[in-house]
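Engineer: Take this structure, written in structure tokens, and hold onto it; I'll ask about it next.
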Amino acid sequence: MKREVVVLLTRAPYGRVHVPEGLRAARGVAAGFDRHDVSVVFTQDGVYAARADVDRDALNMTDHLDDFAEEGGDLFVDEASMTERDVAPSVIAPDVAVRPGEEIVSMIDQADHTLDF
1 MKREVVVLLT
11 RAPYGRVHVP
21 EGLRAARGVA
31 AGFDRHDVSV
41 VFTQDGVYAA
51 RADVDRDALN
61 MTDHLDDFAE
71 EGGDLFVDEA
81 SMTERDVAPS
91 VIAPDVAVRP
101 GEEIVSMIDQ
111 ADHTLDF
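Under full-length UniProt numbering, read the sequence shown as residues 1 to 117, first letter to last.
If you want it as structure tokens, here you go:
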């Protein structure tokens, strides 16, 4: 049965495995037998991983993101978290959509499952 799944990336990208592992999980869930609808949300310190200047290859993000996109997954960044960290929308990668905090909360509330990394 197809489900709505939100993967929350909440930790800073460097020095940790949470971001690539969260993307790997999102990719796996999206590619699974039921083809769940999966959204990845960069929130809290995870917003730093959504920046265009992040070295995605060094963080082992590129292949996961490519496969996730092929499965129809969506990438979002929490504008409220960006504001708290003084991250401007202009520095966010073009494949990541900026969404207001209220919309992120609604997305999480409506999800059948959430995964936190």
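C-beta atoms are modelled at their ideal positions from N, C-alpha and C, and glycine is treated no differently. Note that the structure is a prediction, hence the values are computed from the model and not measured.
#1: Considering only residues of the segment 48-91, which uninterrupted alpha helix (DSSP H) runs meet the minimum length of 4 residues and lie entirely inside it, listed in chain order?
#2: Can you look up residue 17 in the DSSP assignment and give me helix, strand or coil?
#3: Since I believe residue 68 is in contact with residue 30 (beta carbons under 8 angstroms), could you give me their beta-carbon distance rounded to a whole number of angstroms?
#4: Using the Cα positions of residue 9 and residue 46, report the straight-line distance between them to the nearest angstrom.
#5: Using only alpha-carbon positions, find the residue among 5, 25, 15 and 109 that is nearest to residue 58.
#6: Cα-Cα, which of 101, 51, 37 and 107 is closest to residue 3?
#7: CA-CA distance, residue 77 and residue 97?
Structural biologist: Checking against the coordinates, here is how it stands:
#1: Those alpha helix (DSSP H) runs which fall completely within the segment 48-91 and span 4+ residues are 62-70 and 79-84.
#2: If DSSP states are grouped into helix, strand and coil, residue 17 belongs with coil.
#3: Indeed, because the Cβ distance is near 6 angstroms, the residues count as touching under 8 angstroms.
#4: Rounded to whole angstroms, the gap between the alpha carbons of residue 9 and residue 46 is 5 angstroms.
#5: It is 15.
#6: The shortest Cα separation from residue 3 among 101, 51, 37 and 107 belongs to 37.
#7: For residue 77 and residue 97, the distance between alpha carbons rounds to 6 angstroms.
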